[in-house]
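What follows is a short report on a single structure.
Chains as they are written, first to last, in the numbering used here: chain B, 1 to 114; chain A, 115 to 229.
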């Protein structure tokens with residue numbers, strides 16, 4: 001079946017612009033995670049959804065970052081007033097259940113802020 | 115706080131040679147441990163995981179890892195490396211204190227394979 005998909009794959013934004021990154025999880029997966037991967041680093045947790053409920057947003061670096069999953073399926077990560085330090089690959093992962101459920105990762109969106 | 119350390123930033127191995135990638139973790143209880151591989155432009159793919167039981171875990175693509183509680187380690191091994199194994203490898207621990215069990219990753223080890 002289809003895996004996790006993310007769009008766009010690449011995004012270039014000028015500093016100060018707003019961006020929206022989309023994640024389509026595997027159908028039926030309850031849990032959805034967003035991670036940020038800076039160049040040369042491992043992914044870092046941003047936020048977690050169980051169905052439509054955002055249960056943990058402790059990893060969001062600032063109030064410019066906002067995520068939603070209104071119908072418990074597709075999720076959008078929005079970054080307002082982008083800054084250069086926001087440049088990274090944003091990874092989405094979904095899993096059937098937690099704890100310990102295998103997380104399936106999408107290919108990521110590479111965001112470059114100029 | 116929970117953390118994962120991968121001491122080797124970059125390793126080069128000859129094709130056909132054996133491989134060991136090191137991973138040390140800091141976690142208060144029995145951890146859930148994972149190894150992922152990331153090829154350029156690709157998402158992370160799970161190689162193997164340890165939750166409990168047998169401390170030697172077999173994974174895909176001929177990889178295995180051994181959980182050693184006394185050393186807080188979960189090293190990844192492969193007896194014979196193929197050129198297609200060249201990629202970035204990440205060790206991760208699941209944070210069971212966090213809702214949804216977010217993964218905490220190490221900084222990764224880049225594997226190059228020479229012919």
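No residue lacks a Cβ here, since even glycine has one placed at the ideal position from N, Cα and C.
Asked                                                                                                                   : Found
Cβ contact (3+ pairs, closer than 8 Å) linking the stretch 129-138 of chain A and the stretch 182-191 of chain A        : yes
Within chain A, the residues that residue 42 of chain B reaches when beta carbons sit closer than 7 Å                   : 204, 219, 220, 221, 222
Member of A/115, A/127, A/117 whose CA lies at the smallest distance from the CA of residue 224 of chain A              : A/127
Cα-Cα separation between residue 3 of chain B and residue 55 of chain B, rounded to whole angstroms                     : 23 Å
Sufficient close CB pairs (3 or more, under 8 Å) joining the stretch 119-133 of chain A to the stretch 70-84 of chain B : no
Selection of the stretch 168-196 of chain A by Cβ proximity to chain B, strictly under 8 Å                              : none
Chain-ordered neighbours of residue 66 of chain B on chain A, where CB pairs are closer than 9 Å                        : Here the premise fails: no neighbours, minimum Cβ distance about 18 Å.
Helix, strand or coil at residue 198 of chain A [DSSP, three-state]                                                     : helix
Coil, strand or helix - residue 15 of chain B by DSSP                                                                   : coil
Buried versus exposed, by CB contacts within 10 Å (16 or more), residue 169 of chain A                                  : exposed
Anticipated Cβ contact below 8 Å, residue 157 of chain A with residue 91 of chain B, distance rounded                   : 7 Å
Best match in A/218, A/183, A/162 for proximity to residue 41 of chain B [C-alpha to C-alpha]                           : A/218
9 Å Cβ cutoff met for residue 64 of chain B and residue 89 of chain B                                                   : no
For residue 92 of chain B, the residue or residues it bridges with in DSSP                                              : B/34
Beta bridge counterpart(s) of residue 124 of chain A as assigned by DSSP                                                : A/224
Cross-chain neighbours of residue 103 of chain B in chain A, by beta carbon under 7 Å                                   : 217
Residue 130 of chain A CB to nearest heavy atom of the ligand GDP below 8 Å                                             : For the ligand GDP, the structure offers nothing, since it holds no ligand at all.
Start and end residues, beta strand (DSSP E) containing residue 49 of chain B                                           : 44-50
Three-state class that DSSP yields for residue 71 of chain B in the structure shown                                     : coil
Contact list for residue 230 of chain A against chain B, beta-carbon separation under 7 Å                               : No answer is possible for residue 230 of chain A: the residues shown for chain A start at 115 and end at 229.
Assigned exposure category for residue 155 of chain A - 16 Cβ within 10 Å defines buried                                : exposed
Top-ranked residue by Cα proximity to residue 208 of chain A, from A/165, A/228, A/227, A/197                           : A/165
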